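**Q** Below: one structure in structure tokens.
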Amino acid sequence: EAGVTQSPRYAVLQEGQAVSFWCDPISGHDTLYWYQQPRDQGPQLLVYFRDEAVIDNSQLPSDRFSAVRPKGTNSTLKIQSAKQGDTATYLCASSLAGYEQYFGPGTRLTVL
Amino acid sequence: QEKVQQSPESLIVPEGAMSSLNCTFSNSASQSIWWYQQHPGKGPEALISIFSNGNKKEGRLTVYLNRASLHVSLHIRDSQPSDSAVYLCASRSSGSWQLIFGSGTQLTVMP
């Protein structure tokens, strides 16, 4: 069974540029999570969905970050105007309801 | 806000030794504690979880949970160089599916 896939694997931007990250969860998993992992820190939740509905986006910087999961399957996380402080790895995870979360390999973002 | 703290930040052990990692969490209502392993350039991978006070053993891994002291530990018996990785402790509260992660312990097993 295929795991969680993410693309791109790497992105390098100048401040002010926009970037989108794409995630394909494990087939049949109804819950999808986006985490931000700064270097040498643990993952921090940004937003999570159950099917197409946002369950919690309280930690998503709403002025520049947005996330959608329109059909309850794939998801896109977008940063509208990147800042140097956004430099981190962005991880997508999926689960069946609240059970074990399976993580993708992440997208490593560098903002210059 | 709920916090998870891990110690030590890094741990170096010889091959064949026991590795012991610690984690404290701030929410006594935490429903479950998870340990994840993360290799460089990879996403975290779940190793073991515990829901009830006491201990749980799976293969070379043993986890101990003490809710009264808000402490959980992970012990890896007969550590191997392939066990070298970052180990992340995460807490999940009842009523939420969010995992709160600690900053991790870098384990290095020397051949």
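Read top to bottom, the protein sequences are chains L and R. The numbering used here puts the first residue of the first sequence at 525, with every later residue one more than the last. The numbering used here puts the first residue of the second sequence at 51, with every later residue one more than the last. Even for Gly, the Cβ is constructed at its ideal location relative to N, Cα and C. Quantities reported herein were computed from a predicted structural model and do not represent experimental measurements.
(1) Is the number of C-beta pairs between the stretch 604-624 of chain L and the stretch 128-136 of chain R that are closer than 8 Å three or more?
(2) Considering only C-alpha positions, which residue in the set L:A577, L:Q604, L:G609 is nearest to K595 (chain L)?
(3) Using the Cβ count rule (16 or more neighbours within 10 Å means buried), how would you classify L157 (chain R)?
(4) Return the residue from the list R:V136, R:N103, R:N105, R:S99 that minimises the CA-CA distance to Q625 (chain L).
(5) From the DSSP output, which residues share a beta bridge with Q530 (chain L)?
(6) Mapping DSSP to helix, strand and coil, what is P64 (chain R)?
(7) What residues are listed by DSSP as bridge partners for N581 (chain L)?
(8) Taking S153 (chain R) as the query, report the chain L residues whose CB atoms sit under 8 Å from its CB, ordered along the chain.
(9) Assuming contact is defined by CB atoms lying nearer than 8 Å, are I536 (chain L) and T634 (chain L) in contact in what I supplied?
(10) Using DSSP with H/G/I as helix, E/B as strand and the rest coil, what is G628 (chain L)?
(11) Under the three-state reduction of DSSP, which class applies to S134 (chain R): helix, strand or coil?
(12) In three-state DSSP terms, what is G152 (chain R)?
(13) Is the Cβ of S95 (chain R) closer than 8 Å to any Cβ of chain L?
(14) Would you tell me roughly how many angstroms separate the C-alpha atoms of A522 (chain L) and L556 (chain L), rounded to the nearest one?
(15) Taking only heavy atoms of the ligand FMN into account, decide whether any of them is closer than 7 Å to the Cβ of Q538 (chain L).
(16) In whole angstroms, give me the CA-to-CA distance for G180 (chain R) and A79 (chain R).
(17) Could you compute how far the alpha carbon of S586 (chain L) sits from the alpha carbon of S146 (chain R)?
(18) Count the C-beta pairs between the stretch 88-108 of chain R and the stretch 53-72 of chain R that are closer than 8 Å, then say yes if the count reaches three, no if not.
**A** Reading from the atomic positions:
(1) Verdict: no, contact absent.
(2) Measuring from the Cα of K595 (chain L), the nearest candidate turns out to be L:A577.
(3) Buried, because 16 or more other Cβ atoms sit within 10 Å of the Cβ of L157 (chain R).
(4) Of the candidates R:V136, R:N103, R:N105, R:S99, the one whose C-alpha sits nearest the C-alpha of Q625 (chain L) is R:S99.
(5) As a beta-bridge residue in DSSP terms, Q530 (chain L) pairs with L:C547.
(6) Strand at P64 (chain R).
(7) Beta bridge pairing from DSSP links N581 (chain L) with no other residue.
(8) Residues of chain L passing the Cβ test: D564, Q565, G566.
(9) The sequence given here has Val at residue 536 (chain L), not Ile. A distance below 8 Å separates the beta carbons of V536 (chain L) and T634 (chain L).
(10) In the three-state DSSP reduction, G628 (chain L) falls in the coil class, being neither helix nor strand.
(11) Reduced to three states, the DSSP call for S134 (chain R) is coil.
(12) It is coil, neither helix nor strand.
(13) The residue asked about is misnamed: residue 95 (chain R) is Glu in this sequence, not Ser. It does; some Cβ of chain L falls within 8 Å.
(14) Outside the displayed span of chain L (525 to 636) sits residue 522 (chain L), for which this structure offers no information.
(15) Although the ligand FMN was asked about, the structure shown includes no ligands whatsoever.
(16) The question about residue 180 (chain R) has no answer here: the residues shown for chain R are numbered 51 through 161.
(17) S586 (chain L) and S146 (chain R): Cα-Cα distance of roughly 21 Å.
(18) These segments do not touch.
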